[in-house]
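*Asks:* Would you mind keeping the following structure in view while I ask a few things?
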Amino acid sequence: MRQEIDPKDSKRAEAYNLWMKSPMPMVTLTKTFDITRIYRISKRKGMKLNMLLCWCIGKAASQIEEFYTLPEKEKLVKYDTLAINVIVNNVKGGINSCDIPYTDDIEQFNADYTTLTKTASTECKSIFNEEHMIVGTSAMIATELDSVVNQYTELFCNPMVMWGKYRTGWFTKKLPISFQFHHVQMDGGHAANFLEILQQTINNI
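Counting from 1056, one number per residue, gives the positions in the sequence shown under my numbering.
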């Protein structure tokens, strides 16, 4: 469910006053993650690595209050649920967008991920879920990337998690991940905490 709230009555009131009219309110942090554990789970259980990483992103985000409030066209909107957006290659050679509702149940998330991404790919139609706060993702696995900085548009202020191809070391898989967020939604400390929780989630899945 989504509900508009008065910025003055929210914990983000000061940030709203400082950053809502900023021409460039987005901030990007980049951290290299050890994804060895989810890589091994992917191989052992036949689950897609991208699905596992998306679930970990949802799990980490769900523990941080600021993820549930989003600036939208000079308004603040509060949500009570999250979804993870993925970009899907469709059968016509193009791409579509697909929102996967987040749930703590990884088996359910895997089932939803598999069904919804297949539908988006075969029908060449994007699947949107406007009742969830969307955490965007973009996986550009054609090459290794050190960092990604996305474009900013006032039409899409949602946080974005982006990465390229993982790197293979001695018995390890490492992946630099960029996290872009709107400064009205959260501060750098919240974002850094999210990245720490994400690594812990990957380690403990």
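Glycine included, C-beta positions come from ideal geometry on N, C-alpha and C.
1) In chain order, what residues of the same chain lie with their CB nearer than 6 Å to the CB of Tyr-1071, ignoring the 5 residues before and after it?
2) Among Glu-1129, His-1187, Gln-1118, Lys-1100, which has the Cα closest to the Cα of Leu-1210?
3) Give the list of continuous beta strand (DSSP E) stretches no shorter than 3 residues that lie fully inside the segment 1076-1163.
4) May I ask you to report which of helix, strand or coil DSSP gives Ser-1181?
5) Between Ile-1112 and Val-1216, is the Cβ-Cβ spacing less than 8 Å?
6) Below 8 Å CB to CB, which residues in the same chain sit around Lys-1147 once its five sequence neighbours on both sides are set aside?
7) Using a Cβ distance threshold of 8 Å, determine whether the segment 1164-1179 contacts the segment 1251-1259, with at least three qualifying pairs required.
8) Helix, strand or coil for Ser-1065, going by three-state DSSP, please let me know.
9) Kindly confirm or deny that the segment 1073-1086 and the segment 1230-1247 touch, where touching means at least three C-beta pairs closer than 8 Å.
10) Thinking just about the alpha-carbon of each residue, which of Asn-1213, Tyr-1221, Ile-1161 is nearest to the one in Cys-1109?
*Replies:* With the structure as the only source:
1) Correct list, in chain order: Pro-1062, Val-1239.
2) Glu-1129
3) 1081-1089, 1124-1127, 1130-1134, 1137-1144, 1150-1156
4) coil
5) yes
6) Cys-1179
7) The segment 1164-1179 vs the segment 1251-1259: no contact.
8) coil
9) With a cut-off of 8 Å on Cβ pairs, the segment 1073-1086 is in contact with the segment 1230-1247, counting three or more such pairs.
10) Ile-1161
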